[in-house]
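**Student:**
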């Protein structure tokens, strides 16, 4: 098992024991992270800086499909997405969830900081009420880089069959 794979917990029964070993304050965020890009990395590093351990909830494949991001999404399967996230130094623990929202996972983790990207206002962030009820804080981090997996895929698809500047 690689160091990255050791950061992944797929058995929900093991989560409490793993959480007990993490330094506090805990930061939690979640997402699909289908094709990791600079915007994701900057966001995750900024989220991690709010505490001492960053727990990332990752939408399972069926959960991503229900988000209507496109009929062929996710591009990368859950296992690949989790390993890539776990390889980032700023990420402490990666946990998948299959539900439409990470609410149950947020209740289990009980983070001191709940974080989402700037397209989410704090009052619309799932689990905000849970985190605030035990004295935690909710953060909506502004985008530092205008990036999106959907846009990236659109650009890749529109260039399919075209040649580059060298005629290749």
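In this note's numbering, the protein residues as written are 1 to 168. In this text, a Cβ means the ideal position worked out from N, Cα and C, and glycines have one as well. Computed from a predicted model, the values in this text were never measured in an experiment.
(1) By Cβ distance, which residues of its chain are closer than 8 Å to residue 16, with the 5 residues on each side in sequence left out?
(2) Just list the alpha helix (DSSP H) runs in the region 122-149, keeping only unbroken ones of 4 residues or longer that don't cross its boundaries, in chain order.
(3) Leaving out five residues on either side along the sequence, give the residues of the same chain with a beta carbon under 6 Å from the beta carbon of residue 86.
(4) What are the start and end residues of the beta strand (DSSP E) that includes residue 27?
(5) Indicate the three-state DSSP secondary structure (helix, strand or coil) for residue 84 in the structure shown.
(6) Under 6 Å Cβ to Cβ from residue 57, same chain only, skipping five residues before and after it: list those, please.
(7) Given a threshold of 16 other Cβ atoms within 10 Å of its Cβ, counted over all protein chains shown, does residue 156 qualify as buried or as exposed?
(8) Any contact between the region 66-86 and the region 131-147? By contact I mean 3 or more CB pairs, one from each, below 8 Å.
(9) Can you give, in chain order, each stretch of the alpha helix (DSSP H) that sits fully within the region 56-125 and has at least 4 residues?
**Tutor:** Judging by the given coordinates:
(1) Against the chain shown, residue 16 aligns to sequence position 16. 108.
(2) 128-133
(3) Here residue 86 is taken as the residue at index 86 of the chain shown, counted from 1. Only 4, 7, 8, 94 meet the Cβ criterion.
(4) Within the chain shown, the letter at position 27 stands for residue 27. Its beta strand (DSSP E) spans residues 26-31.
(5) To locate residue 84, count along the chain shown from 1; it is residue 84. Helix, per DSSP.
(6) By 1-based counting over the chain shown, the position of residue 57 is 57. Counting only Cβ-Cβ distances below 6 Å, and skipping sequence neighbours, we find 30, 95, 97, 102, 105.
(7) Counting from 1 along the chain shown, the entry for residue 156 is found at position 156. The residue is exposed, with fewer than 16 neighbouring Cβ atoms inside 10 Å.
(8) no
(9) 61-66, 78-86, 103-109
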